[in-house]
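Engineer: Residue numbers (my numbering), protein chains in the order written: chain B, 139 to 272; chain U, -17 to 490.
In this text, a Cβ means the ideal position worked out from N, Cα and C, and glycines have one as well.
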């Protein structure tokens, strides 16, 4: 299980997000990318069996960069942190078909993300175990 | 005038039905067995097939898809003397128009014929299905064509859709194709993954909340229902929707109105709902964990995605499509499956369905870097090990190559293949006389014992009940449907077979 974290910018939430995912159940391998531009080439490489992506878009420009690689994200369960909750931002974000959306405006975001990603990992591990047992 | 093929091994029934068909002003073609029926279906433009189940050369139910997807794609009505609920369900799932049990009255057959022909006339008359942008929804097997037909219907309408299917069959992709081919394609497609959201979050995320609605709600939040206004709400893993939320969601589905948590005012949202699940909602309803009224609401249109093992005809098309996609994405020259690889893929049972196939191909592309052809040895080790295990355990009908052998060394590998699988334990234990096929796993062993006991019990039950269904159900303490299913599973018969003689007599 690989958790790809796209965390551009050195902002306060970055370390909180990393702290939140560090202790997830199932201990996924965590790979951190510093920009949405780096995410594209990474997603073009061969992928592991189970891959999740956590993407932070601290600005609308970052969200636009993520939209540029949307076709590469379409098969990957995505958790997305938006810069704000304006209707236009939300409408754009839905084009990425994220499994969970939150924003920088919500101080509780890292805990919520940890809970959601934890359940995702549990679900994918369960599916993988069932697949292997058959 | 329509052309109706009557398939029955009883000449009296064929003639009686042919007379009825002629009386209704249609042309009848007759076939005493499946071979002749399939030959006629391949050559003649048919509108409808009246199909018996037990035929001299096989089961009508098993040949139903072949007839259904013959060139003229006729409607099929099953007419059988051996009715059972499972058979009826199987027939309808395979595209039969109706399932009639003999003896059926002339009136009943006439009415069903007319309804089916009218449906066909309307379908052919101008309601041709729009062409779909299928994206990665690949396949042309009968099972997939049936799904695509309903998908196209769903895209052209705004009815609620329930997509069912095992994990990895592509439920989200179908939902996306429906949205993207529909009138709301320019509006949001809002995903709610009920399986991944903590229970205490679902309600506030769906409906939204006001500031101070609950501890920690420091800011108001617009719910996903509101965000889906004018677009599509995709409720994935709807079976995981907490019971506490089901009731309020049902109301919202009925009235398109909802109240955010902590708010006094209702909001309106004109969303189109597509739900998906890999769970048996009917069973959940029976167990009391899912609301029946909500299930009925979700099921306006149902798309049942077949598991990959039931559409292996699509394997070649799927593999070619995804290989091309993976190579394009990685900027690699195209790769192809070496001779024999497709057959190897076809011997696997694909519990993870298309998603697993994509993962296997992904891994193979990595392992075959620098080579144009993907051979069996480039397939992941776990996959080859499982195939080897099945072959050694005698479960595979065809001997497979030594797929557990390690891959040969290759130059220029960017992603090394996983280590080769160790020798299968069952190979080591094959010498045990108690288990000539190798020691089965505990689950298989227990299942086999339970099956034996069940079969023995059913034999006794048939004897003790004297073939009377009521007594048999009472003695066994099971429902009629359950008993039918058990008898079918063990290929046993409880009842005297009934023929269509009555119908012939009635018509005379």
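1. For residue 156 of chain B, which residues from the same chain have a beta carbon less than 8 Å from its beta carbon, with the 5 sequence-adjacent residues on both sides left out?
2. Determine, for residue 270 of chain U, whether the minimum Cβ-Cβ distance to residues of chain B falls below 9 Å.
3. Can you find a CB in chain B that lies within less than 9 Å of the CB of residue 57 of chain U?
4. Mind checking if residue 205 of chain B is an interface residue toward chain U, Cβ cutoff 9 Å exclusive?
5. Roughly how many whole angstroms lie between the Cα atoms of residue 66 of chain U and residue 115 of chain U?
6. Determine the chain U residues that contact residue 172 of chain B at a beta-carbon separation under 9 Å, and present them in chain order.
7. Taking Cβ-Cβ distances shorter than 7 Å, what residues in chain U pair up with residue 152 of chain B?
8. Tell me the residue span of the alpha helix (DSSP H) that contains residue 201 of chain B.
9. Might you give, ordered along the chain, the residues of its own chain that have their beta carbon closer than 6 Å to the beta carbon of residue 264 of chain U, omitting 5 neighbours on each side?
10. Spell out the partners DSSP gives residue 318 of chain U in its beta bridges.
11. Could you have a look at residue 44 of chain U and say whether DSSP puts it in helix, strand or coil?
12. Anything in chain B within Cβ reach of residue 312 of chain U, meaning under 9 Å, just list it in chain order.
13. Since residue 141 of chain B and residue 166 of chain B are thought to touch, with beta carbons under 8 Å apart, how far apart are those beta carbons, to the nearest angstrom?
14. What is the DSSP secondary structure of residue 64 of chain U, reduced to helix, strand or coil?
15. For the structure I just gave you, are there three or more beta carbon pairs, one from the stretch 183 to 198 of chain U and one from the stretch 231 to 244 of chain U, closer than 8 Å?
16. Opposite residue 250 of chain U in the DSSP bridges: which residues?
17. Decide if residue 506 of chain U is buried, meaning its Cβ has at least 16 other Cβ atoms within 10 Å, or exposed.
18. Which residue marks the beginning of the beta strand (DSSP E) containing residue 286 of chain U, and which one marks its end?
19. Taking only beta carbons into account, state which residues of the stretch 44 to 77 of chain U come closer than 8 Å to chain B, listed in chain order.
20. Residues in the same chain with beta-carbon distance under 7 Å from residue 396 of chain U, minus the five sequence neighbours each way, listed in chain order, please.
21. With three or more C-beta pairs closer than 8 Å as the rule, is the stretch 284 to 298 of chain U touching the stretch 138 to 150 of chain U?
22. Using the Cα positions of residue 0 of chain U and residue 11 of chain U, report the straight-line distance between them to the nearest angstrom.
23. Taking only beta-carbon atoms, is residue 200 of chain B less than 9 Å away from chain U?
24. If we count the other Cβ atoms within 10 Å of its Cβ and call it buried at 16 or more, is residue 268 of chain B buried or exposed?
25. I'd like to know whether the C-beta of residue 261 of chain B is nearer than 9 Å to at least one C-beta of chain U.
26. Under the three-state reduction of DSSP, which class applies to residue 466 of chain U: helix, strand or coil?
27. Is residue 238 of chain B helix, strand or coil by DSSP?
28. Let me see if you follow: with CB-CB separation under 9 Å, is residue 223 of chain B close to chain U or not?
29. Sorted by chain position, which residues of the same chain lie with C-beta nearer than 6 Å to residue 191 of chain B's C-beta, five sequence neighbours on each side aside?
30. Within the same chain, show all residues whose beta-carbon is closer than 7 Å to that of residue 256 of chain B, passing over the 5 residues directly before and after it, in chain order.
31. Should the stretch 307 to 322 of chain U be called in touch with the stretch 165 to 180 of chain U, which here means at least 3 C-beta pairs below 8 Å?
32. So for residue 69 of chain U, helix, strand or coil by DSSP?
33. Is it the case that the stretch -17 to -9 of chain U contacts the stretch 15 to 22 of chain U, given that we only count it when at least three CB pairs across the two stretches are under 8 Å?
34. Check for me: the beta strand (DSSP E) holding residue 176 of chain U runs from which residue to which?
35. Taking the C-alpha atoms as reference points, what is the distance between residue -9 of chain U and residue 38 of chain U?
36. How would you label residue 250 of chain B, buried or exposed, when you count the other beta carbons within 10 angstroms and need 16 or more for buried?
Structural biologist: To lay it out plainly:
1. If you ignore the 5 residues before and after residue 156 of chain B, its C-beta comes within less than 8 Å of the C-beta of 143, 145, 168, 170, all in its own chain and listed in chain order.
2. With 9 Å as the cut-off, residue 270 of chain U does not count as an interface residue toward chain B.
3. No, residue 57 of chain U lies away from the interface with chain B (no Cβ there is under 9 Å from its Cβ).
4. No, its Cβ sits nowhere closer than 9 Å to a Cβ of chain U.
5. One C-alpha to the other measures close to 39 Å.
6. From the beta-carbon of residue 172 of chain B, no residue of chain U is found nearer than 9 Å; the closest lies around 22 Å away.
7. Result: empty, since nearest Cβ-Cβ is about 21 Å, beyond 7 Å.
8. If you look at residue 201 of chain B, you'll find it in the alpha helix (DSSP H) that goes 198 to 206.
9. Taken in chain order, the list of residues that qualify is empty.
10. Answer by DSSP bridge pairing, in chain order: U:355.
11. Shown here, residue 44 of chain U sits in a helix according to DSSP, grouped into three states.
12. The contacting residues are 182, 183, 184.
13. Sure, about 4 Å apart at Cβ, within 8 Å.
14. Coil.
15. Three or more beta-carbon pairs separated by less than 8 Å link the stretch 183 to 198 of chain U to the stretch 231 to 244 of chain U, which places the two stretches in contact.
16. According to DSSP, which records beta bridges pairwise, residue 250 of chain U is partnered with U:239.
17. It is not possible to answer for residue 506 of chain U, since the shown part of chain U is limited to -17 through 490.
18. Judged by DSSP secondary structure, residue 286 of chain U falls within the beta strand (DSSP E) whose first and last residues are 283 to 286.
19. Against chain B - using a Cβ distance shorter than 8 Å - the stretch 44 to 77 of chain U contributes no residues.
20. Low confidence applies to residue 396 of chain U: its pLDDT is 28, below 50, so where it sits in the model is not reliable enough to give any reading.
21. Three or more beta-carbon pairs separated by less than 8 Å link the stretch 138 to 150 of chain U to the stretch 284 to 298 of chain U, which places the two stretches in contact.
22. Using only the alpha carbons, I get a separation of about 8 Å.
23. Taking Cβ atoms only, chain U never reaches closer than 9 Å to residue 200 of chain B, which makes this a no.
24. It counts as exposed.
25. Between residue 261 of chain B and chain U, the shortest Cβ-Cβ separation is below 9 Å.
26. The DSSP-derived three-state label of residue 466 of chain U is helix.
27. If DSSP states are grouped into helix, strand and coil, residue 238 of chain B belongs with the strands.
28. Answer yes: the Cβ-Cβ gap between residue 223 of chain B and chain U drops below 9 Å somewhere.
29. These residues qualify, in order along the chain: 142, 214, 216.
30. For residue 256 of chain B, the CB contacts under 7 Å within the same chain, skipping 5 residues up- and downstream, are 162, 163 in chain order.
31. Under the Cβ criterion (8 Å, minimum of three pairs), the stretch 307 to 322 of chain U does not count as touching the stretch 165 to 180 of chain U.
32. Helix at residue 69 of chain U.
33. They touch, by the three-pair rule.
34. Careful: residue 176 of chain U lies outside any beta strand (DSSP E) and carries neither H nor E.
35. Roughly 7 Å separates the two Cα atoms.
36. The residue in question, residue 250 of chain B, is buried, as its Cβ has 16 or more Cβ neighbours within 10 Å.
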